[in-house]
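The opening position of the sequence shown corresponds to residue 0 in numbering that gives the first Met the number 0, with each subsequent residue numbered one higher.
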Amino acid sequence: MLSPNTSHWSEPNWTAPQEFVILGFSGWPPGLRVLLFSLLLPLYLATLAGNLLILGLALAEPTLHTPMYFFLGSLSAVEVAYTLVLTPRMLAGFLLPPGGQAVAPSTCAAQMGLFVALGGSECLLLAAMALDRYLAICRPLYYPQLMTTGLCWALLASCCVGGSVLALGLTTVIFQLPFCHGGLVNHVFCDLPAVLVLACGNRDLQEHALLAACMLLLVLPLILILLSYTRVLVVILGVGDGAGRRKAFNTVASHLTVAVLHYGCATAMYARPLRSRSLEEDKLVSLIYINFTPLLYPAIYTLRNRDMQGALQRVVSQRTMGAVQQADPA
């Protein structure tokens with residue numbers, strides 16, 4: 000009797016596909032696909048513009064040259080790269096003829112690796128932001144000596160290296176498997192579970208590696224974030240005046256909202272064994288975490304953050320005054 004992880008295909012028939020075909024929503028009616036493209040393209044452009052705006056303000060505005068906005072700008076830069084990796088190909092898939100998009104195995108592996116690297120870096124960056132807020136509010140006397148420019152860059156580099164190393168490991172162990180179920184990827188991109196189900200033989204090692212990665216990137220950072228912000232909230236409620244408490248509370252609320260959205264979607268998608276998931280449901284959920292969740296990040300940070308709002312107003316005022324002076328040199 001075959002084990003659940005063993006294919007009925009004989010080992011000599013295990014052949015690597017010459018290409019992977021990303022099915023996406025190619026089976027949906029053409030009118031619906033065009034409608035989705037028309038709705039999601041403006042969301043993508045707004046997401047790209049919002050994150051570029053935050054990154055630009057964090058770089059250009061002197062009042063935002065602080066550790067908190069250093070990490071916020073870094074998070075926006077990661078989000079820009081993340082959406083560039085996934086969204087354009089997904090949008091193009093809505094307009095292609097039925098049958099899906101054919102990609103080379105190397106392209107599929109590269110897309111998977113970049114997705115994991117950027118998503119993992121974002122998870123670790125959110126934990127670094129929680130550490131920054133903990134030190135700023137709970138250790139204010141030592142904060143300038145602790146959170147130096149060098150430490151900020153070291154934390155950013157650690158987050159990027161950590162996400163990249165994990166991505167390289169996961170992508171390597173998955174693409175070392177033989178694929179005997181063809182190359183039809185029932186997703187909008189080469190996601191890990193959608194590619195892993197195409198593999199033959201025993202996939203226990205790969206599934207365990209995926210679950211271990213979820214523990215490292217999702218569960219542990221989330222626990223640290225919740226512990227940090229719990230301590231921060233206790234300090235906020237116990238000291239300071241009303242205005243200071245409101246400002247600190249709004250900052251913490253923004254960071255917590257982003258963390259809950261990010262870790263909630265990621266945990267729902269990846270912290271499950273293959274047997275208990277539906278690729279069709281995963282594909283629908285991907286529309287949320289690819290298109291809607293990244294748009295909420297700049298909206299949360301810009302709408303709830305007075306420093307960011309003030310910096311944007313100053314930049315707009317300076318540009319307006321400059322345009323008026325050029326138009327009226329007298």
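Note that CB positions come from ideal geometry on N, CA and C, so glycine has one too. Being a predicted model, the structure only gives us computed values, none of them experimental.
Under the three-state reduction of DSSP output, Q144 falls in the helix class.
A straight-line Cα-Cα distance of about 15 Å links S227 and Y142. In the three-state reduction of the DSSP assignment, V20 falls in the strand class. If you keep only unbroken alpha helix (DSSP H) runs of at least 4 residues inside the segment 228 to 315, you get 241 to 269, 278 to 286 and 292 to 303. Cβ atoms of Y81 and P220 stay farther apart than 8 Å, at about 17 Å.
According to the DSSP secondary-structure assignment, F178 is paired through a beta bridge with A198. The Cβ-Cβ distance between L130 and L74 does not fall below 8 Å.
V84 sits away from E18, with the two beta carbons spaced by 8 Å or more. A103 sits in coil when the DSSP states are folded into three classes, being neither helix nor strand. Between T106 and the set I21, F291 and A265, the nearest pair of CA atoms involves I21. The C-alpha of A127 lies about 14 Å from the C-alpha of G118. In this structure, the beta-carbon distance from I235 to T86 does not fall below 8 Å.
Annotation: the continuous alpha helix (DSSP H) that includes M89 extends over P66 to L94. For V187, the secondary structure class from DSSP, reduced to helix, strand or coil, is coil.
A residue is called buried when at least 16 other Cβ atoms come within 10 angstroms of its Cβ; L217 meets this threshold and is buried. For T256, same chain residues with a beta-carbon under 6 Å away, outside a window of 5 residues either side, are I299 in chain order. Boundaries of the alpha helix (DSSP H) harbouring V33: P29 to A59, taken from the DSSP string.
At the C-beta level, L195 and Q205 come within 8 Å of one another. Where L210 is concerned, the enclosing alpha helix (DSSP H) starts and stops at D203 to C213. Counting other Cβ atoms within 10 Å of its Cβ, P66 reaches 16 or more and is therefore classed as buried.
The segment 87 to 95 and the segment 29 to 45 touch, with three or more beta-carbon pairs separated by less than 8 Å. Residue nearest to E78 within the set F114, T62 and P104 is F114 (criterion: CA-CA distance). Of R271, A211, F69 and C199, the smallest CA-CA separation from A156 is found for F69. When only Cα atoms are considered, D281 and G181 end up about 20 Å apart. Inclusion of Q110 and C189 in the CB contact set at 8 Å is warranted, their separation being smaller than that value.
Around the Cβ of Q175, a 10 Å sphere holds fewer than 16 other Cβ atoms; the residue is exposed.
Separation of F178 and C199 (C-alpha to C-alpha, rounded to the nearest whole angstrom) is 6 Å. The three-state reading of DSSP puts G98 in coil, since its state is none of H, G, I, E or B. When rounded, the separation of the alpha-carbon atoms in L145 and T229 is 21 Å.
For G112, the CB contacts under 6 Å within the same chain, skipping 5 residues up- and downstream, are A166 and T170 in chain order. Put simply, the backbone Cα of L134 is about 42 Å away from that of R274. When C-alpha distances from R313 are compared across T62, Y43, G23 and L42, the shortest belongs to T62. 8 Å or more divides the Cβ of R244 from the Cβ of P192. Of the candidates A211, A116, G72 and L223, the residue whose Cα lies closest to the Cα of C151 is G72.
Contact check for S285 against H207 fails: the beta carbons are separated by 8 Å or more.
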